[in-house]
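Chemist: Just so you know, the sequence shown maps onto residues -29 to -1, 1 to 279 in mature numbering (1 follows the signal peptide of the UniProt record, and there is no 0).
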Amino acid sequence: MTGQELQTLNGSQMLLVLLVLLWPPHGGAVSLGEASRVSFPGPSDLHSVDSRFRELRKRYEDLLTRLRANQSWEDSNTDLIRAPEVRILTPEVRLGSGGHLHLRISRAILPEVLPEASRIHRALFRLSPTASRSWDVTRPLRRQLRLARSQAPALHLRLSPPPLQSDQLLVKSSSARPQLELHLRPRAARGRRRARARNGDHCPLGPGRCCRLHTVHASLEDLGWADWVLSPREVQVTMCIGACPSQFREANMHAQIKTNLHRLKPDTVPAPCCVPASYNPMVLIQKTDTGVSLQTYDDLLAKDCHCV
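1. On the premise that L128 lies in contact with P111, defined as a C-beta separation below 8 Å, what is that separation, rounded to the nearest angstrom?
2. Determine the DSSP secondary structure at S68, reduced to helix, strand or coil.
3. Go through its chain and collect everything with a Cβ distance to R163's Cβ below 8 Å, but skip five positions before and after it.
4. For P149 versus R97, is the C-beta distance shorter than 8 Å?
5. Would you decide whether L265 is buried or exposed? Buried here means 16 or more other CB atoms lie within 10 Å of its CB.
6. Would you check if the distance between the CB atom of A214 and the CB atom of C181 is smaller than 8 Å?
7. D275 bridges to which residues according to DSSP?
8. For the beta strand (DSSP E) holding E152, just list the boundary residues, first then last.
9. Would you call W106 buried or exposed, if buried means 16 or more other Cβ atoms sit within 10 Å of its Cβ?
10. Is the distance from the Cβ of T209 to the Cβ of T186 below 8 Å?
11. Could you please give the first and the last residue of the uninterrupted beta strand (DSSP E) stretch that includes E205?
12. Once you ignore the five residues that flank K258 on each side, which residues in its own chain have a CB closer than 6 Å to its CB?
13. List the residues that DSSP assigns as beta-bridge partners of H181.
14. Is L66 near L74, with beta carbons less than 8 Å apart?
15. Label L118 either buried or exposed according to how many other C-beta atoms from any shown protein chain fall within 10 Å of its C-beta, with 16 as the threshold for buried.
16. Determine the burial state of A94: buried for a count of at least 16 other Cβ atoms within 10 Å of its Cβ, exposed for fewer.
17. Secondary structure at H173, three-state DSSP: helix, strand or coil?
18. Report the rounded CA-to-CA distance for A189 versus P241, giving the unit in angstroms.
19. Just tell me which of C211, R90 and D260 has its CA closest to the CA of H179.
20. Leaving aside the five residues before and after E192 along the sequence, list all residues of the same chain whose C-beta is less than 6 Å from its C-beta, in chain order.
21. Put L265 into one of helix, strand or coil per three-state DSSP.
22. Thinking H277 and A222 are a contact (beta carbons under 8 Å), I'd like their distance in whole angstroms, please.
23. Rounded to the nearest angstrom, what separates D260 and P243 at their Cα positions?
24. Taking the alpha-carbon of C245 as reference, which of S77, K29, K236 and L184 has the nearest alpha-carbon?
25. So the candidates are G262, V206 and G177; which of them puts its Cα closest to the Cα of N251?
26. Please confirm whether T101 has its beta-carbon closer than 8 Å to some beta-carbon of chain C.
27. What does DSSP give as the partner residue(s) for K258 in the beta ladder?
28. Just list the residues that DSSP pairs A189 with in beta bridges.
29. Contact check, L153 vs V57 under 8 Å by CB: the rounded distance?
30. So A125 is in the beta strand (DSSP E); what residue range does that whole segment cover?
31. Rounding to the nearest angstrom, what Cα-Cα distance links M224 and K29 in this structure?
32. How is G4 classed by DSSP in three states: helix, strand or coil?
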């Protein structure tokens, strides 16, 4: 706002500009809750309107930088804040010749599209949930995961239990309720995971056609915000667009089921949709009934996409 523009303001407009936020304390990252608190100082010298507006603008940019620092810390410390995952599967089991135990793990019961072998920290097999004896099948399971084709209907494991337990297995195998307990390492930090996803996601429909992050440059007028937002005047809007073919960025088991049913019953079951998996915060300087405020919006800009 220039000095010439200030001369055209009437008294009430100047008072509106003077109602600015008290800035939170310096130092460290700022919480999203702090960013949305509003407080107003009393009237000040009218000749300082221009400098006060520049100060508010500087505070806005500083707050945005600190919010991004929060986000960067979270991205680089995901392994510290995420607990290990434990998944329980129920494989099919049969007793083969020589007392060998054959396990078949159907793709339908896998907790996700084939987990990476490197994520398997430990895998324990029991004939029943209450059985005291378990077999460590970590190494053979990792080997099968490395060799398995992405479209393989099942994984097969062949175990060799101690000879003295073969007779017990013959009795128990017919009524067993087997359990495979998977201990999965936490996923890599999201920044590294996104880089791997960019290199490893191969769209079967062709480049740029599957679910992905897309950026659109828009002005406040384009968004219909010109009457209540003061800054920023232009926004890089990130959104999720594209198709969701089978096994592409599926968010969960429900998305897998939805994909399969859509293939069988396209008239009654819609295909999965490409939607944001996470968001980046955005700070707006906006008009309020009592003045001007800084407001943080946590779900405005898409950060990553998946299919649900």
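Beta carbons are placed, not taken as given, at the ideal position from N, Cα and C, and that holds for glycine.
Modeler: So, to answer that:
1. Within the sequence shown, the letter at position 140 stands for residue 111. Within the sequence shown, the letter at position 157 stands for residue 128. That pair is a contact at about 5 Å.
2. As a position in the sequence shown, residue 68 is number 97, starting the count at 1. S68 falls in the helix class under three-state DSSP.
3. Here residue 163 refers to the residue found at position 192 of the sequence shown. Note that R163 scores 46 on pLDDT, short of 50, meaning its location in the model is unreliable and no value can be drawn from it.
4. The residue you call residue 149 lines up with position 178 of the sequence shown. The residue you call residue 97 lines up with position 126 of the sequence shown. Yes, the pair counts as a contact, with Cβ atoms nearer than the cut-off.
5. By 1-based counting over the sequence shown, the position of residue 265 is 294. Looking at its Cβ environment, which holds 16 or more other Cβ atoms inside 10 Å, L265 is buried.
6. If you number the sequence shown from 1, residue 214 lands on position 243. If you number the sequence shown from 1, residue 181 lands on position 210. Against a cut-off of 8 Å, the Cβ pair of C181 and A214 comes out as a contact.
7. To locate residue 275, count along the sequence shown from 1; it is residue 304. For D275, which the question treats as bridged, DSSP gives the partners S249.
8. To locate residue 152, count along the sequence shown from 1; it is residue 181. Taken as a continuous stretch (DSSP letters only), the beta strand (DSSP E) holding E152 covers Q150 to L155.
9. Numbered from 1 along the sequence shown, position 135 holds the residue referred to as residue 106. Under this definition W106 is a buried residue.
10. Your numbering for residue 209 matches position 238 in the sequence shown. Your numbering for residue 186 matches position 215 in the sequence shown. Yes, the Cβ-Cβ distance between T209 and T186 is below 8 Å.
11. Residue mapping note: residue 205 aligns to position 234 of the sequence shown, counting from 1. Note, E205: beta strand (DSSP E), E205 to I212.
12. Within the sequence shown, residue 258 is the residue found at index 287, counting from 1. Only W199 meet the Cβ criterion.
13. For the purposes of this step, residue 181 is identified with residue 210 of the sequence shown, where counting begins at 1. Per the sequence presented here, residue 181 reads as Cys, with His not at that position. Paired residue(s): A214.
14. Working through the sequence shown from its first residue, we reach residue 66 at position 95. Working through the sequence shown from its first residue, we reach residue 74 at position 103. Contact: no.
15. Taking the sequence shown and counting its residues from 1, the one referred to as residue 118 is at position 147. Looking at its Cβ environment, which holds fewer than 16 other Cβ atoms inside 10 Å, L118 is exposed.
16. For the purposes of this step, residue 94 is identified with residue 123 of the sequence shown, where counting begins at 1. By the 10 Å Cβ count, A94 comes out buried.
17. Translated into positions along the sequence shown, residue 173 becomes position 202. The answer is coil: DSSP assigns H173 none of H, G, I, E or B.
18. Counted from its first residue, the sequence shown places residue 189 at position 218. Counted from its first residue, the sequence shown places residue 241 at position 270. C-alpha separation (whole angstroms): 31 Å.
19. The count along the sequence shown starts at 1 and reaches residue 179 at position 208. Before going on, a small fix: residue 179 reads as Gly here, not His. Among C211, R90 and D260, the Cα nearest to that of G179 belongs to C211.
20. In the sequence shown, residue 192 corresponds to position 221, counting from 1. The answer is none, since no qualifying residue turns up.
21. As a working mapping, residue 265 is identified with position 294 in the sequence shown. Reduced to three states, the DSSP call for L265 is strand.
22. The residue given as residue 277 occupies position 306 in the sequence shown. The residue given as residue 222 occupies position 251 in the sequence shown. Indeed they touch by this definition, with Cβ atoms about 4 Å apart.
23. The count along the sequence shown starts at 1 and reaches residue 260 at position 289. The count along the sequence shown starts at 1 and reaches residue 243 at position 272. If you take the alpha carbons of D260 and P243, they lie about 42 Å apart.
24. Numbered from 1 along the sequence shown, position 274 holds the residue referred to as residue 245. Checked all of S77, K29, K236 and L184; the closest Cα to C245 is L184.
25. Against the sequence shown, residue 251 aligns to sequence position 280. The shortest C-alpha separation from N251 is found at V206.
26. As a matter of chain content, chain C is missing from the structure shown, which is built from one protein chain.
27. As a working mapping, residue 258 is identified with position 287 in the sequence shown. V263.
28. Along the sequence shown, one-based indexing puts residue 189 at 218. Beta-bridge pairing links A189 to V206.
29. Here residue 153 is taken as the residue at index 182 of the sequence shown, counted from 1. Here residue 57 is taken as the residue at index 86 of the sequence shown, counted from 1. Confirmed, about 7 Å.
30. As a working mapping, residue 125 is identified with position 154 in the sequence shown. Its beta strand (DSSP E) spans residues A125 to L130.
31. On the sequence shown, position 253 is the one that residue 224 refers to. On the sequence shown, position 58 is the one that residue 29 refers to. Roughly 46 Å separates the two Cα atoms.
32. Position 33 of the sequence shown, counted from the start, is the residue given in the question as residue 4. For G4, the predicted structure reports a pLDDT of 42, less than 50, and the residue's modelled location is therefore unreliable. A value from the coordinates is still provided. Here G4 sits in helix by DSSP.
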